[in-house]
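Quick note, the numbering used here runs 3 ahead of the 1-based positions in the sequence shown.
Report on one structure; see the data block that follows.
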Amino acid sequence: MSLGKRLRDIDGFLGVLGLALLIGTILLQVILRFVFSKPLMGAEEMTRYLVICVVMFPLAYSERSGSTIIMEEIQSMFPRILRNIVNMSSHILTTVVYAIVTASSYSVLINNVANRTATLEMPFWLFFLPAVVGLTAMTVVRIITVVYKIIKRDLPWESQ
C-alpha cells in the first residue's frame, strides 16, 4: 500500500480506533460499575467525546468511498441532461453547505477556546477538534469532487 493511500485513509483508521475506544470505555464502565461498584469517573463525557470522534473523523472517508445517501433511483427517471444538471447542482450546493458548517465549527472552536468540559475539565478546543478536522476534511473532499467533475476527470481516489 502506497504512502499516499495510507495518509488518505487515516481518517477511516481514526474512526475505527475511536469506535474501539468507545466500546472499550463502555465495557470498562459497565464492569467497574456493576461488578466492583466503582464507576469510572468521567466515562459519560469520554463517551460523548469518542462518539464525536467516531462520527466526525471518517466523514471524508465516507465521501471518498461514495457511501453517502444519494437519490439515484429518482435521478435515473430524469432525462440525461436534467439528471446531469441535478447531479452537479447537488454537488455544488452540498459543498457550499459543508463549507458553511465547517466555517461555523471554526467559529465555535475559536469562541470557546478558553472553556473546559464539565467533568474531565478537558480543554474545549480538544473536545471539539474532531468535529473541526472531520468537517474540514469532508469539505476539502467535496471541493475536489466538484472541481474534478467540472473538468470531467477521474477523482484521485478512484484512479488507484
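All C-beta atoms, glycine included, are put in the ideal place defined by N, C-alpha and C.
Cutting at 8 Å between CB atoms, please list the residues of its own chain near residue i, excluding the five before and the five after it.
{"i": "Ala121", "result": "Glu48"}
{"i": "Asn115", "result": "Phe127, Trp128, Phe131"}
{"i": "Lys41", "result": "Leu35"}
{"i": "Ile153", "result": "Met91"}
{"i": "Thr98", "result": "Thr142, Arg145, Ile146, Thr148, Val149"}
Looking only at C-alpha atoms, which of the options sits nearest to residue i?
{"i": "Pro61", "options": "Leu22, Ile95, Thr28", "result": "Leu22"}
{"i": "Gly18", "options": "Arg51, Lys8, Ile55, Gln32", "result": "Ile55"}
{"i": "Leu158", "options": "Val89, Arg67, Thr139, Gly137", "result": "Arg67"}
{"i": "Leu53", "options": "Tyr101, Ile13, Ala134", "result": "Ala134"}
{"i": "Ser65", "options": "Gln78, Asn118, Ser5, Phe16", "result": "Phe16"}
{"i": "Met125", "options": "Val38, Ala46, Ala102, Asp12", "result": "Ala46"}
Looking only at DSSP bridge pairs, what is residue i linked to?
{"i": "Pro126", "result": "Arg119"}
Leaving out five residues before and five after residue i in sequence, what residues of the same chain have Cβ atoms less than 7 Å from its Cβ?
{"i": "Val104", "result": "Leu138"}
{"i": "Ala140", "result": "Asp14, Leu62, Ala63"}
{"i": "Leu43", "result": "Leu31, Gln32, Leu35"}
Between residue i and residue j, what straight-line distance do the alpha-carbon atoms span, to the nearest angstrom?
{"i": "Val111", "j": "Arg119", "result": "13 Å"}
{"i": "Arg51", "j": "Leu96", "result": "30 Å"}
{"i": "Val136", "j": "Ile113", "result": "14 Å"}
{"i": "Leu25", "j": "Val58", "result": "12 Å"}
{"i": "Lys155", "j": "Arg11", "result": "22 Å"}
{"i": "Ser93", "j": "Gly27", "result": "39 Å"}
{"i": "Val100", "j": "Ile88", "result": "18 Å"}
{"i": "Glu75", "j": "Ala102", "result": "24 Å"}
{"i": "Ala117", "j": "Ile29", "result": "29 Å"}
{"i": "Leu123", "j": "Tyr109", "result": "22 Å"}
Here's a check: name, in chain order, each residue in its chain whose Cβ is nearer than 6 Å to the Cβ of residue i, leaving out the five neighbours to either side.
{"i": "Val38", "result": "none"}
{"i": "Pro82", "result": "none"}
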